[in-house]
Amino acid sequence: MKKNRHDENCSQGCAHGRRTFLKATAGFMGSTLLGGLPFRAFAQATDLAPADRCFVFVYFNGGWDQLLAFDPRDPTEFTAERASETKILPGYDQINNASFEARPLIPAELPGVGRSNIDFGPAVGNELAKHYDLMTVVRGINMNTLGHEVGYRYFLTGKMPIGSAARGSSTATEIVGQMKPRVPIASISYNVESYNDRYGGYANALRVSRRDDLILTLKGSADALDSEIEKQLLDFRGQPVNCEQAAYGARGVGTTYANSQEQMRLIQSQGLDKSFDFLAAENQPHGPEMKVIRTKYNLNNLNDVNGERGRAATVATALKKGIAQCVTINLTGGLDTHFGSQLTQASNQRRGFDALAMLVKDLRESDHPAGGKFMDHTTIMVFSEFSRTPLINSSGGRDHHLSNSALLMGAGIKHNFVFGRSGDIGMAPGTFDLRTGASDPNGENILPEHVIATVLASAGLDYSITRVEPLRPILA
10 MKKNRHDENC SQGCAHGRRT FLKATAGFMG STLLGGLPFR AFAQATDLAP ADRCFVFVYF
70 NGGWDQLLAF DPRDPTEFTA ERASETKILP GYDQINNASF EARPLIPAEL PGVGRSNIDF
130 GPAVGNELAK HYDLMTVVRG INMNTLGHEV GYRYFLTGKM PIGSAARGSS TATEIVGQMK
190 PRVPIASISY NVESYNDRYG GYANALRVSR RDDLILTLKG SADALDSEIE KQLLDFRGQP
250 VNCEQAAYGA RGVGTTYANS QEQMRLIQSQ GLDKSFDFLA AENQPHGPEM KVIRTKYNLN
310 NLNDVNGERG RAATVATALK KGIAQCVTIN LTGGLDTHFG SQLTQASNQR RGFDALAMLV
370 KDLRESDHPA GGKFMDHTTI MVFSEFSRTP LINSSGGRDH HLSNSALLMG AGIKHNFVFG
430 RSGDIGMAPG TFDLRTGASD PNGENILPEH VIATVLASAG LDYSITRVEP LRPILA
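Basically my numbering = 1-based index in the sequence shown + 9.
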C-alpha cells in the first residue's frame with residue numbers, strides 16, 4: 010500500500026520532530042505530571058502582581074523525629090529509667106553539640122506578642138521558634154502507614170494512596186483549580202511530586218528538580234535539556250509522544266502541546282529567569298537586587314544557592330515577584346535515620362528550620378501590594394511522611410512511627426496554638442472531639458485530610474473533596 014504524504018513526512022522526520030517537541034515544551038509539559046501549565050493571560054514582567062493569597066507547602070524528606078521538633082517531652086520526666094514504662098526516650102543528652110538545647114525549647118517572651126503556648130524540641134532552634142506567634146502545631150496525627158511513599162503522597166493529597174499509588178490532586182493543584190490566579194506559573198513544585206485528577210492543565214504545577222531547571226524553563230535556553238525533564242515528557246500521560254498524537258490529538262497531547270508552546274513564548278519573553286539568578290554580579294542590571302537576596306539568605310556560593318537557604322529564597326522570590334501563587338518544596342532531607350546518632354537527625358532538621366525561619370522573616374518584613382505584609386497573605390504547611398519511634402533502636406537511630414505532627418503558619422490560621430496531642434505511652438496517636446479539640450477516648454483520630462481540609466477552609470475554599478470537616482478550632 011502506498012503511504013500518504015503525512016506518513017512519508019512522519020517516517021522521515023518523526024525523530025527530529027520529537028526532539029524539537031521536547032526542546033520546545035519540556036519545561037512546560039514535561040516538567041508536570043499530567044500536562045501543560047495554565048494557559049492564562051498575565052501582565053508584563055514589570056507589572057506582575059502577587060496573588061492576594063499565597064500558599065507554601067514545605068516537605069521534610071525522610072520522616073522527622075518529632076521529639077526533636079514539634080512534639081517534645083521533658084527529659085526529667087521521660088528518663089531512661091522509665092523508658093520501659095513510658096516507651097519514650099527523648100535522647101536529648103545524646104546531642105553533644107553546643108548549638109542544641111538539651112531540653113524542650115520554649116522561646117522567651119517577645120515585646121507586644123506574649124509568651125509562647127508552644128514548646129519546641131531542640132532541633133527547631135531559636136530563629137524559627139521566635140515566630141511562634143504565627144503558628145499552630147497539630148500533634149498526634151495518625152498516618153495509618155509506615156511507608157515512605159505512602160505517607161508522603163498521603164500528605165500531598167489528603168487521600169490514602171492505593172498501594173503506593175497516589176489518589177486525587179495535590180493540595181496546591183486543588184487551590185489553583187479553585188482560585189485560578191492570574192500569575193504566570195500558578196504552582197511550582199520543587200523536587201516534590203504533583204498530581205491533578207480533576208482540573209484542566211491550567212491547574213498543573215511546574216515540576217522542577219532544582220533551581221537550574223526553573224531557570225532553564227523560564228529562560229528558554231537552547232542547551233541540552235535535563236534528562237529527567239525529557240523522561241517525564243516522554244512518559245506524558247503514560248504514552249510516548251508520536252506523530253499520530255501530534256497530528257490528530259485534538260483534545261489530547263496535540264492541544265496540550267499547542268497551548269504549552271504558546272505559554273512558553275509568553276513566559277520566556279518576560280525575563281523571569283533573572284529573578285532567580287542569585288549569584289549575579291553587581292554590575293549586571295539585576296545584580297543589586299540579587300545582592301540583597303544573597304545577604305538576606307546568607308548565600309555565598311553555588312552550594313548555598315542549591316541548599317536549603319537557596320530553596321527558601323526561591324520560594325520567597327516566586328511569591329513576592331508575582332510569579333507563582335503556590336510553591337511546594339522539598340526543603341531538607343537526610344531524615345531516614347535508622348542508624349547513627351541523634352545529632353544527625355537534629356542537624357538535618359535544623360538546616361531546614363533555619364531556612365524556613367529566613368523565609369518567614371522575609372515574608373513578615375515584605376510589604377504586600379494589597380496591604381499588610383506577605384505573611385498576612387500567606388499560609389504555610391510544614392510536614393513529613395511520618396515520625397520516628399519514641400524509643401532509640403540498638404543502632405542509635407529511630408524507626409518509623411505512626412504518630413506525626415504538622416506545622417501551620419500565617420493567614421487564616423489561629424496563632425500561638427496547639428491542637429491535639431500524642432499519648433504519654435509510646436506517643437500513640439490521640440483521639441479527640443474534633444469540633445473542640447478536647448481529648449476523647451471515644452473520639453476520632455486526626456488524619457492528614459483534616460489538616461488539608463483546614464488549609465483549604467482557611468482561604469474560604471471548598472474542602473468537600475477531603476470528605477472530612479476542617480479542624481475548626483484552628484481557623485482564625
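Note that the Cβ used here is the ideal one computed from N, Cα and C, for glycine as well.
Quick caveat, the model's predicted, so the values are computed rather than measured.
(request) Could you tell me if Gln354 is buried or exposed, where buried requires 16 or more neighbouring beta carbons within 10 angstroms of its beta carbon? (result) Gln354 should be labelled buried.
(message) As a quick exercise: from Phe129, Glu110 and Ala111, pick the residue whose alpha carbon is nearest that of Leu416.
(response) For the options Phe129, Glu110 and Ala111, the alpha carbon positioned closest to that of Leu416 is the one of Phe129.
(request) Measure how close the beta-carbons of Thr95 and Ile434 come, nearest whole angstrom, since I'm counting them as under 8 Å. (result) Contact between Thr95 and Ile434 holds, with the beta-carbon distance rounding to 6 Å and staying under 8 Å.
(message) I'd like to know whether the C-beta atoms of Pro479 and Asn151 end up nearer to each other than 8 Å.
(response) No, they are not a contact pair.
(request) Closer than 7 Å by C-beta to Val146: which residues in its own chain qualify, once you throw out the five before and the five after it? Chain order, please. (result) If we look at Val146 and ignore the five residues flanking it on each side, its Cβ neighbours are Phe79, Ile127, Ser414, Leu416 and Val427.
(request) Return yes when the Cβ of Ile184 is within less than 8 Å of the Cβ of Phe64, no when it is not. (result) Their beta carbons are under 8 Å apart, which means Phe64 touches Ile184 by this criterion.
(message) How far does the beta strand (DSSP E) with Val192 in it extend, from its first residue to its last?
(response) Taken as a continuous stretch (DSSP letters only), Val192 belongs to no beta strand (DSSP E), as it is neither H nor E.
(message) I need the boundaries of the alpha helix (DSSP H) containing Ser93, first residue and last residue.
(response) Ala92 to Thr95 is the extent of the alpha helix (DSSP H) around Ser93.
(request) Using a threshold of 8 Å, state whether the C-beta atoms of Ala181 and Ala138 are closer than that. (result) Here Ala181 is not near Ala138, since their CB atoms are 8 Å or more apart.
(request) Go through its chain and collect everything with a Cβ distance to Ala233's Cβ below 6 Å, but skip five positions before and after it. (result) In this prediction, Ala233 has a pLDDT of 44, which is less than 50 and means its spatial position is unreliable; nothing more can be read from the coordinates.
(request) Mark Arg91 as exposed unless 16 or more other C-beta atoms lie within 10 angstroms of its C-beta, in which case mark it buried. (result) Exposed: under 16 other Cβ atoms inside 10 Å.
(message) Below 8 Å on the Cβ atoms is my contact criterion, and I expect Pro399 with His386 to pass it. Report the Cβ-Cβ distance as a whole number of Å.
(response) The pair is not a contact, with the Cβ atoms about 37 Å apart (cut-off 8 Å).
(request) Going by DSSP, name the residue or residues bridged to Ser196. (result) Its beta-bridge partners are Cys335.
(request) Just confirm the distance between the C-beta atoms of Gly419 and Met384, as a whole number of angstroms; I'd bet it's less than 8 Å. (result) Between Met384 and Gly419 the Cβ distance is about 5 Å, and since that is below 8 Å, they are a contact.
(message) For Leu227, tell me which candidate among Met188, Gln279, Arg219 and Thr475 has the shortest Cα-Cα distance.
(response) For Leu227, the nearest C-alpha among the options comes from Gln279.
(request) For Ser473, count neighbouring Cβ atoms within 10 angstroms of its own Cβ and tell me buried if that reaches 16, exposed if not. (result) So Ser473 counts as exposed.
(request) With Ser414 as the anchor, note down where its beta strand (DSSP E) starts and where it stops. (result) Segment Ser412 to Gly419, the beta strand (DSSP E) holding Ser414.
(request) Have a look at Glu110, Ala322, Leu308 and Leu470 and flag the residue whose alpha-carbon is nearest the alpha-carbon of Arg82. (result) Checking every option, the nearest Cα to that of Arg82 belongs to Glu110.
(message) Please report the straight-line C-alpha distance between Ala325 and Ser93, rounded to a whole angstrom.
(response) Cα to Cα, the separation comes out at about 46 Å.
(request) Scan the region 117-177 and note each continuous alpha helix (DSSP H) run of 4 residues or more that stays entirely inside, going in chain order. (result) If only uninterrupted alpha helix (DSSP H) runs of at least 4 residues are considered, those enclosed by the region 117-177 are 134-138 and 157-166.
(message) Let me check you understand the geometry: is the CB of Asp222 closer than 7 Å to at least one non-hydrogen atom of the ligand HEM?
(response) With respect to small molecules bound, the structure shown includes none, and the ligand HEM cannot be examined in it.
(request) Determine, using beta carbons only, whether Ser203 and Thr341 come nearer to each other than 8 Å. (result) Note that the C-beta distance between Ser203 and Thr341 is not below 8 Å.
(message) Measuring straight from C-alpha to C-alpha, what distance separates Met38 and Gln187?
(response) Residue confidence for Met38 is low, a pLDDT of 46 falling below 50, so the modelled location carries little weight; the figure read from the coordinates is stated next. Met38 and Gln187 have their C-alpha atoms roughly 21 Å apart.
(message) Tell me which residues share the same chain as Lys329 and place their Cβ nearer than 7 Å to its Cβ, disregarding the 5 neighbours each side in the sequence.
(response) Contacts found: Pro59, Ser375 and Phe383.
(request) Identify whether Phe109 lies in helix, strand or coil by the three-state DSSP scheme. (result) In the structure shown, Phe109 adopts coil according to DSSP, grouped into three states.
(request) Report buried or exposed for Gly36, applying the criterion of at least 16 other Cβ atoms within 10 angstroms of its Cβ. (result) Residue placement at Gly36 is poorly supported in this model, since its pLDDT is 38, which falls under 50; the coordinates still yield a value, given next. It is buried - the Cβ of Gly36 has at least 16 other Cβ atoms within 10 Å.
(message) Let me confirm a value: Phe164 is counted as buried when at least 16 other C-beta atoms fall within 10 Å, else exposed. Which label applies?
(response) Phe164 comes out buried.
(request) Drop a sphere of 10 angstroms on the beta-carbon of Leu470, count the other beta-carbons inside from all chains shown, and report buried for 16 or more, exposed for fewer. (result) Leu470 sits buried, since 16 or more C-beta atoms from the chains shown fall within 10 Å of its C-beta.
(message) The alpha helix (DSSP H) that contains Tyr306, what's its start and end?
(response) Counting along the chain, Tyr306 sits inside the alpha helix (DSSP H) bounded by residues Gly296 to Tyr306.
(request) Find the nearest neighbour of Ile422 within the set Lys300, Glu394 and Val460, judged by alpha-carbon distance. (result) Ranking the options by Cα distance to Ile422, first place goes to Val460.
(message) If I measure Cβ to Cβ from Phe69 and keep anything under 8 Å in the same chain, skipping five residues before and after, which residues do I get?
(response) So the qualifying residues of the chain are Leu340, Thr341, Gly342, Leu344, Gln358, Gly361, Val391, Phe392 and Ser393.
(message) Run through the DSSP bridge pairs and tell me what Ile389 is partnered with.
(response) Val65 and Met418, per the DSSP bridge assignment.
(request) Assuming Leu365 and Ala327 form a contact by the criterion Cβ under 8 Å, report the distance between their Cβ atoms to the nearest whole angstrom. (result) About 15 Å; that fails the 8 Å criterion.
(message) Strictly by DSSP, which residues pair up with Phe348?
(response) DSSP lists Gly405 as partners of Phe348.
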